[in-house]
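Residues in the sequence shown are numbered consecutively from 1, following the UniProt record's numbering.
Below: the structure, in structure tokens.
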Amino acid sequence: MVVWSGTNNGHYTVKSGYQALIEWKNTNSDPTQGTTSSDPDDDPIWTKIWKLEVWFASPLNINLSQVQHPDFNNWLHYMFKNATNEGLNIMSTIIYGIWAARNQLVFQNKEVPAIETVHQALKVLHEYQNHSESDRNAANSVTCTKVCSNKLRWNPPPQNSLKLNVDAHSLGDGHWGLDLVLRKEDGLCIGVATRVRIGTNCVVLAKALGVQEAVEIHQASSSPSCDN
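Structural data, given as structure tokens:
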């Protein structure tokens, strides 16, 4: 099993890869001469990576005749500083794809074509972006739901009045269940009831039965007029 030593969990990240490059270059630098004793720019590995056809098959549209940094290491530093976020996403995903393809060749003796490496890398990138977008939309939806639900609050009736909230639901056997709450203008509950009444085909009439129950509660409590 191949692990990446640049992170605690062994998984490669773009940040850890970039940090490894910086540390590598600093470790091999000669402070007395101002040059590197083993310059990674001259390392044949970088030259080989830079010449891979995978870069020409990518959406980065790299043209070597116009590249000011013909070695991969300098180009990588340049891209980290100047590329757009989308360009960095593509670049880092392809680099990871090259590393994964290299592991398949070394450990499984399986050679992956350059164009397949690009397609697989872009597929992974697009899947990740779509998944992230779905997560953001879901989070925004939950936030909106919470905000909207917070806006649903009880409004008090006019002064010296009562407010009735009543709900009617069919029990499926010809009867209706009634739930009602009667409150004063200060929110104080003065009556709560749950009743079962012989049903009707109209929900409005069923709720009217709830209003009738509220009137009876109102009369029993000798309270002021009821605002439904």
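Cβ coordinates follow ideal geometry from the N, Cα and C atoms, glycine included.
Everything numeric in this text was worked out from a predicted model, so none of it was measured.
Taking the Cα of A208 as reference, the smallest distance to any Cα among H169, K81, G191 is reached at H169. Here T117 is buried: its Cβ has 16 or more other Cβ atoms, across all protein chains shown, within 10 Å.
One Cα belongs to K184, the other to I198, and the distance between them is close to 29 Å.
In this structure, A220 and V166 do not form a Cβ contact; the two beta carbons are roughly 17 Å apart against a cut-off of 8 Å. Under the three-state reduction of DSSP, N165 is assigned to strand.
Beta-bridge partners assigned by DSSP to R195: L178.
For S5, the number of other beta carbons within 10 angstroms of its own is below 16, and it is reported as exposed.
The straight-line gap separating the alpha-carbon atoms of A20 and W75 is approximately 16 Å. For the pair T194 and L178, the CB atoms are nearer than the 8 Å cut-off. In the DSSP assignment, N85 falls within the unbroken alpha helix (DSSP H) covering 85-108.
Assignment of S5 by DSSP, reduced to helix, strand and coil, places it in the coil class.
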